[in-house]
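Reading through the structure tokens given below for one structure.
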Amino acid sequence: MAQEFPTQAQVVIIGGGIIGCSVAYHLTKLGWTDVVLLEQGQLSGGTTWHAAGLVGQLRSHANMTSLIKYSTQLYSELEAETGLATGWKNCGSVSVARTADRMTVLKRTAASARAQGVAIEVISPKEAQDLWPVMAIDDLVGAVWLPGDGKANPTDLTQSLAKGARNRGARIVERVRVTGISTKNGAVTGVETDRGAIAAQIVVNCAGQWARKVGQMCGVSVSLHSAEHMYIVTGKIDGVHPDLPVMRDPDGYIYFKEEVGGLVMGGFEPEAKPWGMTGIPDDFEFALLPDDWDQFEILMQNALERVPQLATSEVKKFYNGPESFTPDNNFILGEAPELKNFYVGAGFNSMGIASAGGAGRALAEWIVNGAATMDLWPVDIRRFANFNNNPRWLHDRVKETLGLHYAMPWPNRELDTARPFRRSPLYDRLAAKRACFGSKMGWERANWFAAADETPVTAYSFGRQNWHEAVRREMEATRTAAGVFDQTSFAKLLVQGRDAAAALNRICAAEIDVEIGRSVYTGLLNERGGYESDLTVMRLAVDRFLLVTGSAQAVHDADWIRKNIAADAHVTLTDVTSAYAVLALMGPKSRDILARLTSADLSNEGFPFATIREIDIGYATAYANRMTYVGELGWELIVPTEFAVGVYEALHEAGRDFGLLDCGYYALEALRLEKGYRAWSRELTPDITPYEAGLAFAVALDKPGGFIGQEALVAAKAKGVPTRRIVQFTVDDASPMLWGGELILSDGKPIGEVRSAAYGHTLGRSVALGLIEHASGVDKDFLTGSRFEVELAGERFAVTACLSAAYDAKGLRVKA
Ligand SMILES: Cc1cc2nc3c(=O)[nH]c(=O)nc-3n(C[C@H](O)[C@H](O)[C@H](O)COP(=O)(O)OP(=O)(O)OC[C@H]3O[C@@H](n4cnc5c(N)ncnc54)[C@H](O)[C@@H]3O)c2cc1C
């Protein structure tokens, strides 16, 4: 009997690729069975069908690894549930290193894999060859072996997920194209299709490389662009058998897997070929692009070096299929900030098969719970703004992102393409002063300043880099004289209205209903008591607050705040990021410098810590907020954009004989770490509470009216000493460089990982903040009674846990 076309559903999913089917599978598993999935062609006919099917677990972020770990578990069990085979084979994978630096990466990876419970072994080239006999190993330095990795058949997997969803009541309708999204009062109400309208409470855009276009139907930015992605399939090769592991040779940009006694060989070339600039054809179904041997040449050459037998084997098929890539090589997940109840799961950067299980579950949980159930910031849709959806910018950026899979993941690696993108009014001046720029949320930001005899270009390595001395100079200036930091990239949100104080007080964990002119550092917590953000709330008037938050958090924080303001409250939120530059003047001489430019009283009595005033600075009138991120006297000057250059010039004029120096973000990072200051998305995440972060002082637990996360914090407090905690460590040996991500051990056993690290020149050693876990509590006795080490590329170094900030403990702090 022909299926009746549905006219309503609780959830409509657009797209029957592996992601849409996984979302349907997991929604129904969570008990939401009134689900309709619409596919314009046939299931898996978009990008999914021609994927190579590699499933590698390791990712740079622990939660991303855990999503794929879950995928491997699901894929191994799915056939038993649905009766449909998935082609899952737990064949393991080998990754080889051609250089010492790559081997360092593999060893670092091995340490973090172990911390995440992923089985991994560091092996020799010979051992790698024993596992993968068809490769040449003369040029190899070493390898790692991941026995839990595998491969699957993407089409079979998709059908199996779809069957699981259908078995629990989902309706899957093929040959239906969504042509519009209906909305009312800022929320989605359903979809229009070429077969009629369907009313829905929730719509999920899983339209793969069409997802950007589907987003445009309702004003939602889905920042992705297609690029051509290629592999070949060879005829039979001696020594290749069905149980052969997957093999990755990232220095050659290539991977291999067995297929019918031959090899699939593909890769991620350093400069990709964007595709689909004039739109993706709707009928691009089970379709491929023309072979492009010129583009493939770099991969082929490297593959011939690794597998000499390829020279004589037949190429049976060339697959060139488009896949969508995002500006940062991470996929896009979550509820769109522009439209309530409209969710996105797209832009899988050639990791969709590996990610589908975990990503589908995470998105389904997000939908059912109305909020993410774990820290998903690396893939959160709110890390992009509408300007990231500019087609020319995306086109130029994806040329680079495809290659990132196998590019050297240097610890502070910057992307080079499609820059400069966003520029502060001081950009040219800082460039003239030999700034080496990095990029955050598209902003060009000075990382460090080169001296006349230095080149302002970062030379990457895992040891000390070429800016080590520059950062020493900048840190010293800030600790002993003053530094000026262009922090214009800070996101700024203006929250106004009769109910602003009440609404914000419910959203912030600290008391923000303070007198006018006070600045309050606070967390924005979720119901689990974890950090959705940390920011400064400045009260400008009874009904007006300026919020200054991290550069990457404008869209995220605005969305979080808007969602948590009652519909009938008299509050408006405006992103005023572009209206203000921020110049942070920090260091013991900052008062003397500023005093030359203003008539304002800058004394401790006249301008105490954590207060904001509107003051005159030279010819400009600007806000000055007495707060710094480095633990020294200082002010953040929040200056109307058009006055930024004037204030900057005036500061230098006034500061010259005090030793004022331009300073960059590398110095800022090291300065804040010496002081033990936490940063959002590293030490502060949606999975970490203020007690675990050591920031109980910034919580008003008993404030009248309560706040989001209060219940969870009360419960956490009642439990006593936290079993997980952010702790500062310094490395006993002055020479090693820590970068973040390193394994922390206590009495030889893994207990956590470094979240942020830098070389602290004031301390004369690397300093880090790490998250550690200990079942009977992380308290003073544990920290003083244990022997801690960090593992750096296989070598262990003793570290000292610091109970108060190492910088303060050493008595180095210069008092205001
Ligand atoms: C050559 C190649 C090799 C790859 N190898 C691997 C690998 O080894 N491992 C790995 O993990 N990943 C790999 N990938 C990536 C993987 O294939 C993708 O990440 C994944 O298939 C994306 O799935 P999806 O569901 O998001 O997209 P799709 O499979 O494209 O599904 C989206 C669906 O939405 C439908 N749709 C779009 N618009 C509408 C509309 N308006 N109405 C109704 N339906 C609509 C489309 O028809 C399409 O079927 C590879 C990709 C390529 C190109």
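The sequence shown begins at 896 in the numbering used here and counts up one residue at a time. Each residue gets a CB set at the ideal place from its N, CA and C atoms; glycine is no exception.
Same chain only: Cβ atoms within 8 Å of residue i, ignoring 5 sequence neighbours per side
i       : result
Val1036 : Ala992, Arg993, Thr994, Ala995, Arg997, Met998, Pro1020
Pro901  : Val931, Arg1066, Val1068, Ile1093
Gln1024 : Met1030, Ile1032
Gly1672 : Gly1615, Val1616, Pro1617, Thr1618
Ser1356 : Asp996, Trp1305
Gly1541 : Gly1513, Tyr1514, Ala1515
Other residues of its chain near residue i: CB distance less than 6 Å, five sequence neighbours each side excluded
i       : result
Leu925  : Ala1259, Val1263
Arg1063 : Thr923, Thr928
Asn958  : Met1269, Asp1270
Gly1075 : Glu1087, Met1112
Ala1302 : none
8 Å Cβ cutoff met for residue i and residue j
i       : j       : result
Thr943  : Gly1247 : yes
Pro1217 : Glu1123 : yes
Tyr1464 : Ala1404 : It should be noted that the sequence gives Ala, not Tyr, for residue 1464. No, Cβ-Cβ distance for Ala1464 and Ala1404 is not below 8 Å.
Ser988  : Leu1041 : yes
Val1390 : Arg1277 : no
Leu1664 : Gly1571 : yes
Leu1608 : Thr1584 : yes
Val1039 : Val1017 : yes
Gly1635 : Ser1661 : no
Thr1088 : Val1099 : no
Arg1423 : Ser1384 : no
Met1481 : Ala1377 : yes
Of the residues the options, the one placed nearest residue i, counting alpha carbons only
i       : options                            : result
Ser1494 : Glu1509, Lys1644, Thr1584, Gln1448 : Glu1509
Tyr1726 : Lys1046, Gly1665, Gly1541, Gly1265 : The first residue shown for the chain is 896 and the last is 1711, placing residue 1726 beyond what the model contains.
Ala1346 : Phe1357, His1300, Glu1339, Ala1326 : Ala1326
Ile1507 : Glu1200, Thr1523, Leu1492          : Thr1523
Gly1255 : Leu1666, Ser1356, Gly1157, Leu1056 : Leu1056
Val1626 : Ala1611, Ala1701, Ala1607          : Ala1701
Ser1208 : Arg1143, Gly1130, Leu1228, Gly1134 : Gly1130
Ser966  : Ala1251, Glu1180, Leu1183          : Ala1251
Lys1328 : Phe1316, Phe1344, Gly1337, Phe1181 : Phe1344
Leu1640 : Leu1556, Phe1237, Ala1266, Leu1687 : Leu1687
Ser1319 : Val1477, Cys916, Val907            : Val1477
Ser1414 : Arg1439, Leu1555, Arg1434          : Arg1434
Ala1714 : Phe1692, Ala919, Trp1288, Leu1299  : This structure does not reach residue 1714, given that the chain is present from 896 up to 1711, and the question cannot be answered.
Val1649 : Asp1642, Phe1683, Asp1628, Leu1658 : Phe1683
Val950  : Gly1659, Asp1044, Asp1275          : Asp1044
Closer than 7 Å: residue i CB and nearest ligand 1 heavy atom
i       : result
Phe1243 : yes
His1363 : no
Pro1351 : no
Cys1101 : yes
Ala1249 : yes
Gly1059 : no
Ser939  : yes
Tyr1148 : no
Gly948  : yes
Glu1153 : no
Glu934  : yes
Glu1069 : no
Pro1169 : no
Met959  : no
Glu1578 : no
Met1269 : no
Ile1076 : no
Ile913  : yes
Glu1218 : yes
Cut-off 7 Å between Cβ atoms - residues of its own chain near residue i, not counting five sequence neighbours on either side
i       : result
Leu1698 : Lys1675, Leu1678
Trp1455 : Leu1419, Glu1427, Ser1428
Ala1704 : Cys1697
Asp1496 : Phe1502
Lys1710 : Since pLDDT at Lys1710 reaches only 35, below the 50 mark, its modelled position is unreliable, and no value is offered.
Leu1707 : With a pLDDT of 45 at Leu1707, under the threshold of 50, the modelled position of that residue is not reliable, and no figure is offered here.
May I have a chain-ordered list of the alpha helix (DSSP H) segments no shorter than 4 residues that lie completely inside the segment 912-999?
Qualifying alpha helix (DSSP H) stretches, in chain order: 913-924, 957-977.
Could you name each continuous beta strand (DSSP E) segment of 3 residues or more that falls completely within the segment 1039-1070, going from the start of the chain to the end?
Runs of the beta strand (DSSP E) spanning 3 or more residues and lying entirely within the segment 1039-1070 occur at 1066-1069, in chain order.
I'd like the ranges of any alpha helix (DSSP H) spanning at least 4 consecutive residues and lying wholly in the segment 1233-1310.
Runs of the alpha helix (DSSP H) lying entirely within the segment 1233-1310, each at least 4 residues long, are 1247-1264, 1286-1296 in chain order.
May I have a chain-ordered list of the beta strand (DSSP E) segments no shorter than 3 residues that lie completely inside the segment 1590-1646?
Runs of the beta strand (DSSP E) inside the segment 1590-1646: 1619-1626, 1638-1641.
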